Each structure stands twice: as C-alpha cells, then as structure tokens.
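S.K.: Quick one: this structure, given as structure tokens, is what I'll be asking you about.
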Amino acid sequence: MGYPSENLAPGEVVVIHRHPHWKSLVLPVLIFWLATAVAGIAVGYARSSDMADGGKFWITVVVGVAWLAVAGWFLVRPLLSWKTTHFVVTDRRVIYRNGIITRSGIDIPIRRINTVEFRHGLIDRILRTGTLVIESASDDPLSFKNIPQVEAVHAQLYQELLDDEEPYDDRRSGQYRDPRRDADDDDDRRAPRSGGR
Numbered sequence: 001m002g003y004p005s006e007n008l009a010p011g012e013v014v015v016i017h018r019h020p021h022w023k024s025l026v027l028p029v030l031i032f033w034l035a036t037a038v039a040g041i042a043v044g045y046a047r048s049s050d051m052a053d054g055g056k057f058w059i060t061v062v063v064g065v066a067w068l069a070v071a072g073w074f075l076v077r078p079l080l081s082w083k084t085t086h087f088v089v090t091d092r093r094v095i096y097r098n099g100i101i102t103r104s105g106i107d108i109p110i111r112r113i114n115t116v117e118f119r120h121g122l123i124d125r126i127l128r129t130g131t132l133v134i135e136s137a138s139d140d141p142l143s144f145k146n147i148p149q150v151e152a153v154h155a156q157l158y159q160e161l162l163d164d165e166e167p168y169d170d171r172r173s174g175q176y177r178d179p180r181r182d183a184d185d186d187d188d189r190r191a192p193r194s195g196g197r
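Per the UniProt record's numbering: the sequence shown = residues 1 to 197.
Set out below in structure tokens:
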C-alpha cells in the first residue's frame, strides 16, 4: 500500500516508501508467544485441578483478561505502530510520520540536506537494515532507525540530492541539457538576422 497521495503536494512524486524493518517486531511477537504459552499452561492446570467449577471459571477469566492485555500491549500496539510509521522520500522532500493516536512527523526539503550517511552493525548487515542519518542546514543530524535496505535508500536519496542540484537534468527523457548551450541558443534566437528580406 503506497503513501497516501492526499499528503503530497500537487505534482510531488514518491521515490521511496518504507515502514520500519520487520526486526522491530521480533521481540513483541516472541513475548506474545511466551504469554500465550503461559496462559495455555495456566488454563490447562486450572481445568485439570480438583477445585470447584466456579474457581476454574474465574481463573480462566483472569488468565484470559491478562492474556488479552499482554496481546494488546505487546502485539497489537507494536503492529499498529509499525503500520503507521512511514519513511518517505519524494522528489522534493524527506517525510517521516509516526504515531497511532498522537501523530508526529518531520519534513526535510531535499535542497536543505547537507549530508546523508548510514550505519549498521553485523546483524543489521545480515538483515539488510540500519540507521539513516540526515544532516540538514542549520539543524542537528536526524537518525531514522530500522530502515529496510538502508544502503539502497542512502544511494537513492543521494541520487535525489544530485538531481536537485542539476536543474538542467531532464530525468524523464534521460538527456542532459548543457546550460551554456541553452544560453547560446537563446542568444541566437534573440540576435537579428541579416540579409534575406
């Protein structure tokens, strides 16, 4: 599912759209599985015990409520957070949005970016993820963690920076227009033609 077009300016084109890497969901899923196993053992033990049926029922209810709370906090919340976190690069800016109920975000115009770098350790290199660091004019560097395929994102963002610095680069046609030649063509058009009529 792409980034919502209503959040873009007219004519703005999305170049990259990423959610955080799936590794950010590994711990919540493991905790959910562990909680499910513990809840299953607790309910099984209560059902097989010699206590009264009313006691078995209330233990099952308490375990079920606790399991729902753990599932909501450690599985549903991280999944929603992952889904609502967007790292987007367009032909004009870098967009970062996150939050479920309270939303926050930042926009960095491409032309204000000074440097782009990435960092990743051994595990991140294996998983093809990492941290992207963007330094813009007059602002402290911003770090965006768990960016999937961070090296490819870094390269594409750097390409957008180069394209923004070359206003004569016609990317749609794949041709490069030399500004000196364009100026010469303008002079030729303006110069009066001699002879003829």
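The beta carbon of each residue, even a glycine, is placed where N, CA and C say it ideally should be.
It should be emphasised that the depicted structure is a prediction, and the values quoted were computed from it without experimental measurement.
Arg119 bridges to which residues according to DSSP?
M.R.: Arg119 is bridged by DSSP to Thr131.
S.K.: Could you check which residue in Thr115, His19 and Ala42 has the C-alpha nearest to that of Pro78?
M.R.: His19
S.K.: Can you have a look at Leu80 and say buried or exposed, based on whether 16 or more other CB atoms are within 10 angstroms of its CB?
M.R.: exposed
S.K.: My understanding is that Val15 touches Glu160, with C-beta atoms under 8 Å, so please give their C-beta distance in whole angstroms.
M.R.: 6 Å
S.K.: Exposed or buried, which one is Thr129 when buried takes at least 16 other CB atoms within 10 Å?
M.R.: buried
S.K.: Within a Cβ cutoff of 6 Å, which residues of the same chain sit near Val89, ignoring the five residues on either side of it in sequence?
M.R.: Val15, Ile16 and Leu157
S.K.: Cβ atoms of Gly64 and Thr84: under 9 Å apart, would you say?
M.R.: no
S.K.: Which residues share a DSSP beta bridge with residue 198?
M.R.: No statement about residue 198 is possible, as the shown extent of the chain runs from 1 to 197 and does not include it.
S.K.: Could you tell me the alpha carbon to alpha carbon distance between Val38 and Pro141, rounded to whole angstroms?
M.R.: 44 Å
S.K.: Is Asp107 helix, strand or coil by DSSP?
M.R.: If DSSP states are grouped into helix, strand and coil, Asp107 belongs with the strands.
S.K.: Going by CA-CA distance only, name the one from Ala9, Lys145, Leu34 and His86 that's closest to Gly105.
M.R.: His86
S.K.: To the nearest whole angstrom, what separates the beta carbons of Ala46 and Trp67, a pair I think is in contact under 8 Å?
M.R.: Not confirmed; about 13 Å, so no contact.
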